[in-house]
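In the numbering used here, the protein residues as written are 2 to 383.
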């Protein structure tokens, strides 16, 4: 049975399992809606002709039992179709409920087909409704092996137990048991293979999605800091620009630059220089998460931050928080002319977006303010 073990899937990622179960459930709902509509048509037809005495169909003493079978399946399929189709009712149903309902429905459907087949055998009529329904159910639904096993074999055990009731004996009984068991096992294996196929296809799709996300991340993220790169800066700037314009709030752009970074690189090496940029980037990520902004590595040691709803006091708080964070690191920088430690300069520009102000002007003005701050700090130190 080792060849069968590979069909029993164990998910290690709960989120992946949840996504797969949801996709399978949607597929099953779509297919079973078609199946339910077909059942309603067929059972309605058979129920109708049972009331026409002129037709050469002899139900004998079992007429009312047949009709009760037809009516039961007709009503059940109708209720199911209504619940999974009607938008108001469907919204109230949880996926777990629908999933369990599908399993119960499968069990009842096979039990119904088994009952019809046993009735026909009691009338000495050859009928393959049960076997046909087994194959149809296996082909139409995607159910995990652990759930499909009791559906198929639970019904079949009951089917075998009830055979003495219909009076089958000898070779006829042996033949029915052998053929029936063969069909059940085959149907279940088909069901397992279909489930495995859909799982394999789903995992391929997940891999493609994962690769696309990774490519997107690589194309929009800076590998050193994991901040966004300049590739989508203009798009994000426009997004925050329109957001601030709609809310009639100021759009704030901050330009962060590490003081005397080139000298630090020359003195301490590029590895240490990269660590400084990463340290500053981590503090900026915290600020961005807290205030709902956007940050990208603008180039070299310069980082751009954009906020669409940042007040003037908050802007000063952000600047002070970044200065304090780097000050606490107390990283020595012998190349600096303004401090014995690594420091940063922050340029800022904030204004309520207006038609005559180009979005890119916010970055240009913040960059100019950054330059002015650097110059003023040098002059003050001098």
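No residue lacks a Cβ here, since even glycine has one placed at the ideal position from N, Cα and C.
Cβ-Cβ separation, residue j to residue i (assumed contact under 8 angstroms), whole Å
i: residue 285; j: residue 238; result: Rounded, the Cβ-Cβ distance is 16 angstroms, inconsistent with contact.
i: residue 86; j: residue 34; result: 6 angstroms
i: residue 268; j: residue 335; result: 6 angstroms
i: residue 329; j: residue 261; result: Wrong, their Cβ atoms sit about 19 angstroms apart, outside the cutoff.
i: residue 40; j: residue 74; result: 6 angstroms
i: residue 251; j: residue 351; result: 4 angstroms
i: residue 246; j: residue 354; result: 4 angstroms
i: residue 111; j: residue 138; result: 6 angstroms
i: residue 51; j: residue 71; result: 7 angstroms
i: residue 32; j: residue 177; result: Going by Cβ atoms, the distance from residue 32 to residue 177 rounds to 30 angstroms, so no, they are not a contact pair.
i: residue 96; j: residue 36; result: In fact, because the Cβ distance is near 19 angstroms, the residues do not count as touching under 8 angstroms.
i: residue 362; j: residue 349; result: Between residue 349 and residue 362 the Cβ distance is about 14 angstroms, and since that is not below 8 angstroms, they are no contact.
i: residue 222; j: residue 230; result: 6 angstroms
i: residue 91; j: residue 84; result: 7 angstroms
DSSP-derived helix/strand/coil call for residue i
i: residue 268; result: helix
i: residue 253; result: strand
i: residue 352; result: strand
i: residue 4; result: Its pLDDT being 45, under 50, residue 4 is placed unreliably by the model, and the measurement read from it follows with that caveat. Reduced to three states, the DSSP call for residue 4 is helix.
i: residue 383; result: A caution first: residue 383 carries a pLDDT of 39, below 50, which makes its placement in the model unreliable, though a value can still be read off. Looking at residue 383 - three-state DSSP - the assignment turns out to be coil, as it is neither helix nor strand.
i: residue 45; result: helix
i: residue 144; result: coil
i: residue 15; result: helix
i: residue 303; result: strand
i: residue 55; result: coil
i: residue 232; result: helix
i: residue 295; result: strand
i: residue 337; result: coil
i: residue 81; result: helix
i: residue 309; result: coil
i: residue 124; result: coil
i: residue 119; result: helix
i: residue 332; result: coil
i: residue 30; result: helix
i: residue 223; result: coil
i: residue 60; result: coil
i: residue 114; result: helix
i: residue 357; result: coil
i: residue 74; result: helix
i: residue 138; result: helix
i: residue 36; result: helix
i: residue 87; result: coil
i: residue 179; result: helix
i: residue 95; result: coil
i: residue 386; result: In the structure as shown, the chain starts at 2 and stops at 383, and residue 386 therefore has no counterpart that could be examined.
Nearest neighbour of residue i, chosen from the options [CA to CA]
i: residue 61; options: 126, 324, 190 and 160; result: 126
i: residue 295; options: 331, 273, 263 and 256; result: 256
i: residue 68; options: 27, 113, 94 and 86; result: 113
i: residue 163; options: 115, 190 and 132; result: 115
i: residue 311; options: 48, 183 and 288; result: 288
i: residue 203; options: 15, 100 and 25; result: 25
i: residue 63; options: 119, 104, 43 and 28; result: 119
i: residue 234; options: 297, 198, 376 and 247; result: 297
i: residue 180; options: 140, 129 and 301; result: 129
i: residue 108; options: 48, 144 and 15; result: 144
i: residue 147; options: 97, 166, 374 and 193; result: 193
i: residue 385; options: 259, 347, 83 and 150; result: Outside the displayed range of the chain (2 to 383) lies residue 385, so it cannot be described from this structure.
i: residue 375; options: 303, 106 and 111; result: 303
i: residue 183; options: 217, 196, 136 and 166; result: 136
i: residue 159; options: 172, 88, 140 and 131; result: 131
i: residue 232; options: 201, 299 and 349; result: 299
i: residue 185; options: 263, 100, 363 and 134; result: 134
i: residue 367; options: 55, 347, 42 and 358; result: 347
i: residue 42; options: 82, 359 and 58; result: 82
i: residue 197; options: 21, 47, 58 and 16; result: 21
i: residue 102; options: 117, 215 and 80; result: 80
Bridge partners - residue i, DSSP secondary structure assignment
i: residue 325; result: Residue 325 is not bridged to any residue.
i: residue 316; result: Bridge partners of residue 316: none, in fact.
i: residue 160; result: Paired residues: none, contrary to the question.
i: residue 346; result: 258
i: residue 218; result: Residue 218 pairs with nothing; no bridge assigned.
Checklist entry - Quick one: any contact between the region 250-268 and the region 310-321, if contact means 3 or more CB pairs under 8 angstroms? => result A contact exists between the region 250-268 and the region 310-321.
Checklist entry - Can we say the region 318-327 touches the region 212-229, given the rule of at least three CB pairs closer than 8 angstroms? => result no
Checklist entry - Are the region 184-201 and the region 239-247 in contact at 8 angstroms, needing three or more beta carbon pairs? => result Too few Cβ pairs lie closer than 8 angstroms, so no.
Checklist entry - Using 8 angstroms as the threshold, is the region 200-218 in touch with the region 150-165, meaning 3 or more CB pairs across them? => result Fewer than three pairs of CB atoms, one per stretch, sit closer than 8 angstroms, so the region 200-218 makes no contact with the region 150-165.
Checklist entry - Do three or more CB pairs link the region 274-281 to the region 329-348 at distances below 8 angstroms? => result Output reads yes: the region 329-348 touches the region 274-281.
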